[in-house]
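Everything on this sheet refers to the single structure shown next.
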Amino acid sequence: MDVAQTTLESMTTFALAASDGQLFAGRAGGLYRSPDGGASWEYASGQPGEEGMIATTSLVACGRDIFAGINGGVLRSSDGGGTWFTAALSNPPPLVVALALSPAYEEDGALLAGSAEDGIFASTDRGVTWRGWNFGLIDLNVNALAWATPSLAFAGTESGIFHSRNGGRAWRPLPFPMDLAPVISLQLSPDFGTDGTLFAGTEKHGLQVSHDGGETWGAVALPVAGEAVNAMANTAQGLALTLDEVLLLGRDGGATWETLRRFPDQTGLALLAQGDQLVLALSGGEVVTLAL
Amino acid sequence: MRIMQGKKGEGIKGKGVPRVIFQPETSHALRDGISLLAGAIRPTLGPSSGTVAINYITKEKGRPELLDSGGVIARRIIELEDASEDMGAMLLRAMVCRQHDEIGDGTATATVLFEAIYKAGLRYVAAGGNGQRLRHHLEQLLPLVLGELDRQTYAIDSIEDYARIAESLSHDPPMAEMMGEIFDVIGEYGQLDIRKDNTRGLRRDYVEGIYFNSGLLSRVLVNDQVVKRIELLDTSIFICDFTIDDPRELFPVIECAVDAKLKSLVIFARNMNEAALSLVHAANRPDRFQALALKIPDPNPDMRNAAIEDLSVLTGATPLLKVMGHTLESITPAHFGRTRRFWATAHQFGLHGPRGNPRQWRQHLLRLEEQFRVEKDKEQRDQLEARIGKLLGGSATLFVGGSTEPEIEVRKNLAERAATSVRMALREGVLPGCGLALMNARPALEERLAAATEADERAAIGILLDALATPTRTIYENAGYDASDVMAKMSFAPPGSVFDVLSGEVVDLQDAGILDCATVVKRSTRNAIATAALALTIDVLVHLREPEMIGVPT
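If you're matching them up, the sequences are chains A and B in order. With numbering that gives the first Met the number 0, letter number 78 in the first sequence gets 77, and the count goes up by one each step, no holes. With numbering that gives the first Met the number 0, letter number 384 in the second sequence gets 383, and the count goes up by one each step, no holes.
Pasting the structure below:
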């Protein structure tokens, strides 16, 4: 099943993204890229020797536009990672742990950045300028973002889930049980527009699901016991997720589950679906590519 | 009719002997008084309503006051010349003022409903009907009517809906559009300041963060001399309700902060004297430790406690309270809260990214919202609304401009009323507008009429059947249409249609978005039916004394 397995030294990889035929990895030591599908890696966002200076905690890409969340701002490249610019968000500098592109990004150029202590920042000019959009967000510890339609977005936080119906301009809490929080990952069903399905990965209580856009929630029965759902990704076969040290694949909208792989003593931190392949970043620094 | 600004009873001195009035003079006098006041309010109902000009009694050469709010008109009319008619007018006035105070809108609807029920009821009683029984049946029918209004109520959840509600009250499309956007952001509890502006148009601004109206006690640390403002990053917060008169009381606080290696500390106290403030200033060490002192918001004890509670929840601080027997000597690092950014001026301070427990913050808000839902007292509700709005982490400001000062004033008042209306619509939903919701309640009454056998009950149902059509008829008449013609035309219109008095066309209700705030319609219906039913039982008027005006020109 494995296609490739490479190790990015021993530094934790928090996020993965693909753009312009390259694979990008956001890691504690900075932003790295691989032109050969993960076989080799190079430092992407600065001069050699700067490695280790800027921890990169989140990544998103659309076409040749790539955005990387760092401590204090957002790195952006509009030429597939050739050149990078830094946008500062606010003072004191926030740690950007989640990024989400508008579903209509190519037209509206909008994206959201979720931070560990300072809430959500928004840009409507492809990441050039940012401003805090936290009206009603009464939990500023944002862990995950998901953007369903140009107007509807979700934010997973320390105390639950918030949603915005005006493209992130204002937020309202959803009735997600507070005792199941923190919510550390969010994934929308590919058919969210029709089935209203939203998956929420929690830190201690596994996977939760809502089939009505977040109004009611229930636990998903997974084939193995576990606590933290760190990452999720929609693949052609179904929803892939990491539950502690296990990689699972849910088919039929999460009705049936199979265990794809187990990685003893390691936790899956980031997932990226690429065609019929799945790229997985492990807490030990490994980046594993699996064929589905 | 005597009109003035001020409270009823001002300038009145009693004299003379008691006078007792019996039927039929009682009913005639009450009816005439009610008609007079209702006639002054009736023109303000509907989107094509008129205004009422009222002269200032103490300002003879000034321009008259132009009013389009039934509540304000009623407040301005404080006494009729005829003492018995005055009693009728004051019955209606009290009801209108209650509606205005509680809801702020729906006074004209309540007035025309009240008048229609009272006059029809009076005719029935004059013809030999039993007033008490009529009142009983009217009160019994009230839940049926309110139930029908409930059935038609639905929630609104889009910018367009919010704008429609705002426009139904303001008749100002640009303002309504802006109001729709604002409420889409701030929601039902959000803080909205409406201010006059020097420009000709409208503009709005959104402010992130939480701010309170209380300022710096010590201004030495102001680091922006232009705007007299200080800003601290990642600062710690200490809250107490002490009045600190002796700097020695503060030593443990400063010492604890320095020992805990805090970079900066904001001390909230009820007050501090100069000596204590000097210690705060002296504790400052450039690049090592900054301290400043602020007054706890609000001099009112209840609101002060509320502010302490809110600040504690937001920042995660544990306050030391004199009323709890705490002393400042008992301070530990655990008492300090934190915020990512703090700013203060002489009059305000604000927090960005307060670092309290988000779960407690959310639970605190839920508790306040629950209190708001059950609270009946308007002042308490307003205070709770302001607290909740503050805790939501942002505010909006609508700047209202215009060509002249009076235009700005009128537009600002309209904006305030429209904002209240949208808030209520967000909380309790909306109904078909143009009086249609009341018209739609009539089939249920007709069903009840078919089953009713007692004459008084049938009379009560008949009275309500006619009265519930009155607001719609009045809206048509105020817009210059022949109400009977339009009503006849509407009887052939498809269900869900409404006559748009602005365009003069029959339109689909949903498409046209002609809506009323459910709370307004329900409360005006309740007030009108209950008060009119009670008024119908009045048989005798007693004038204890003849009023005589003193010190006011007649």
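The beta carbon of each residue, even a glycine, is placed where N, CA and C say it ideally should be. Computed from a prediction, not measured in an experiment: that's the story for all the values here.
Exercise. Determine the contact status of N140 (chain A) and P357 (chain B), defining contact as a CB-CB distance below 8 Å.
Key: The answer is yes: Cβ separation under 8 Å.
ask   = What's the gap between the Cα of T241 (chain A) and the Cα of G267 (chain A)?
value = Taking the CA atoms as reference points, T241 (chain A) sits about 5 Å from G267 (chain A).
Is the Cβ-Cβ distance between A218 (chain A) and Q207 (chain A) less than 8 Å? Result yes, Cβ atoms of A218 (chain A) and Q207 (chain A) sit closer than 8 Å.
Q) Any idea which residues DSSP pairs R194 (chain B) with across the strands? A) According to DSSP, which records beta bridges pairwise, R194 (chain B) is partnered with B:F398.
Using the three-state DSSP reduction, which class does L151 (chain A) fall into: helix, strand or coil?
Correct three-state label for L151 (chain A): coil.
Exercise for review: Check whether the Cβ atoms of A268 (chain B) and D244 (chain B) sit closer than 8 Å, and answer yes or no.
Suggested key: In this structure, A268 (chain B) sits away from D244 (chain B), with a CB-CB distance that is not shorter than 8 Å.
Query raised in the report: Of all the options B:A52, B:R41, B:T403, which has the alpha carbon lying nearest to the alpha carbon of I478 (chain B)?
Result: Note that residue 478 (chain B) is Ala in the sequence shown, not Ile. The candidate whose alpha carbon is nearest that of A478 (chain B) is B:R41.
Measure the Cβ-Cβ separation of F241 (chain B) and L327 (chain B) and say whether it is below 8 Å. Taking 8 Å as the Cβ cut-off, F241 (chain B) and L327 (chain B) qualify as a contacting pair.
query = When the cut-off is 8 Å and only beta carbons count, does E207 (chain B) lie next to chain A?
reply = It does: the Cβ of E207 (chain B) has a partner Cβ on chain A nearer than 8 Å.
Exercise for the section: Measure the Cβ-Cβ separation of G292 (chain A) and S18 (chain A) and say whether it is below 8 Å. Expected result: Residue 292 (chain A) cannot be examined here, being either before or after the span of chain A that is shown, 0 to 291.
Same chain, Cβ closer than 7 Å to C44 (chain B), five either side skipped, listed in chain order | Note that residue 44 (chain B) is Leu in the sequence shown here, rather than Cys. Cβ contact annotation for L44 (chain B) (same chain, cutoff 7 Å, sequence separation greater than five): A107, T108, V111, P470, T473, I474, N477, in chain order.
Could you give the first and the last residue of the continuous alpha helix (DSSP H) run that contains T518 (chain B)?
T518 (chain B) -> alpha helix (DSSP H) spans 517 to 534.
**Item:** is_contact[A3 (chain A), chain B] using C-beta, thresh 8 Å
**Value:** With a pLDDT of only 48 at A3 (chain A), under 50, the local geometry of the prediction cannot be trusted, and the value read off the model is given with reservation. Closer than 8 Å to the CB of A3 (chain A) there is not a single CB belonging to chain B.
(message) So for C61 (chain A), helix, strand or coil by DSSP?
(response) DSSP places C61 (chain A) in strand when its eight states are reduced to three.
* Asked: Straight-line CA distance for T156 (chain A) to A162 (chain B)?
  -> Near 31 Å, if we compare the C-alpha coordinates of A162 (chain B) and T156 (chain A).
Q. Between L555 (chain B) and V144 (chain B), is the Cβ-Cβ spacing less than 8 Å?
A. The structure shown has nothing for residue 555 (chain B), since chain B only spans 0 to 553.
Notebook entry, point to check: Just the Cα atoms here: how many angstroms apart are G49 (chain B) and D67 (chain B)?
Noted result: A direct Cα-to-Cα measurement between G49 (chain B) and D67 (chain B) gives close to 7 Å.
Out of A:T258, A:E116, A:A227, A:V278, which has the shortest C-alpha to C-alpha gap to L94 (chain A)? That would be A:E116, whose Cα lies nearest to the Cα of L94 (chain A).
Worksheet item: DSSP on N270 (chain B), reduced to helix/strand/coil?
Response: Annotated three-state conformation of N270 (chain B) is strand, per DSSP.
- Item | Residues of its chain near E369 (chain B), where Cβ-Cβ distance is below 8 Å and the 5 sequence neighbours each way are ignored | Excluding positions up to five away in sequence, the list is empty.
Q.
Here's the rule I'm using: 16 or more other beta-carbon atoms within 10 Å means buried, otherwise exposed. How should H346 (chain B) be labelled?
A. That one is exposed.
*asked:* Does V127 (chain A) come out as helix, strand or coil in the three-state DSSP assignment?
replied: In the three-state DSSP reduction, V127 (chain A) falls in the coil class, being neither helix nor strand.
Next on the checklist: Taking the beta strand (DSSP E) that P431 (chain B) belongs to, which residues open and close that run?
Outcome noted: Unbroken beta strand (DSSP E) run through P431 (chain B): 429 to 431.
Check each residue of the stretch 127 to 158 of chain A: if its Cβ is closer than 9 Å to any Cβ of chain B, include it; give the result in chain order. For the stretch 127 to 158 of chain A, which is checked against every Cβ of chain B, the residues closer than 9 Å are R130, G131, W132, N133, F134, G135, L136, I137, D138, L139, N140, T156, E157, S158.
query: Sorted by chain position, which residues of the same chain lie with C-beta nearer than 6 Å to E248 (chain B)'s C-beta, five sequence neighbours on each side aside?
result: Cβ within range, chain order: L327.
- prompt: Which whole-angstrom value describes the C-beta separation of L197 (chain A) and W146 (chain A), a residue pair presumed to lie in contact below a C-beta threshold of 8 Å?
  reply: Here L197 (chain A) is actually not in contact with W146 (chain A); their C-beta atoms are around 12 Å apart, not less than 8 Å.
- Query: DSSP state of H334 (chain B), grouped into three classes?
  - Reply: It is helical.
(request) Kindly examine the ligand MG and report whether one of its heavy atoms sits closer than 7 Å to the Cβ of L15 (chain A). (result) Inclusion of the ligand MG in the displayed structure is not the case, the ligand content being empty and no account of it being possible.
So is N70 (chain A) in contact with chain B if we call contact Cβ pairs under 8 Å?
-> No, N70 (chain A) does not count as interfacial toward chain B.
Review point. How close, in whole Å, do the beta carbons of V245 (chain A) and V228 (chain A) come, if the pair is a contact with beta carbons under 8 Å?
Key: Taking 8 Å as the upper bound for CB-CB distance, V245 (chain A) and V228 (chain A) are not in contact here, some 10 Å apart.
Let me make sure I understand the geometry here. Which of B:Q289, B:I238, B:C239, B:P251 has the alpha-carbon closest to that of L261 (chain B)? Ranked by Cα distance from L261 (chain B), the first of B:Q289, B:I238, B:C239, B:P251 is B:Q289.
Look at the alpha carbon of E78 (chain B) and the alpha carbon of E273 (chain B), and state the distance between them as a whole number of angstroms. E78 (chain B) and E273 (chain B): Cα-Cα distance of roughly 54 Å.
Query raised in the report: Which partner residues does G118 (chain A) have in the DSSP bridge list?
Result: As far as DSSP is concerned, G118 (chain A) takes part in no beta bridge.
(request) Following the continuous beta strand (DSSP E) through P353 (chain B), name the residue where it begins and the one where it ends. (result) Where P353 (chain B) is concerned, the enclosing beta strand (DSSP E) starts and stops at 348 to 353.
*Interface positions of the stretch 80 to 107 of chain A facing chain B (Cβ-Cβ less than 9 Å), listed along the chain*: Of all residues in the stretch 80 to 107 of chain A, only S89, N90, P91, P93 come within less than 9 Å of chain B when Cβ atoms are compared, listed by chain position.
- Hey, could you find the ends of the beta strand (DSSP E) V219 (chain A) is sitting in? Where V219 (chain A) is concerned, there is no enclosing beta strand (DSSP E), given that its DSSP letter is neither H nor E.
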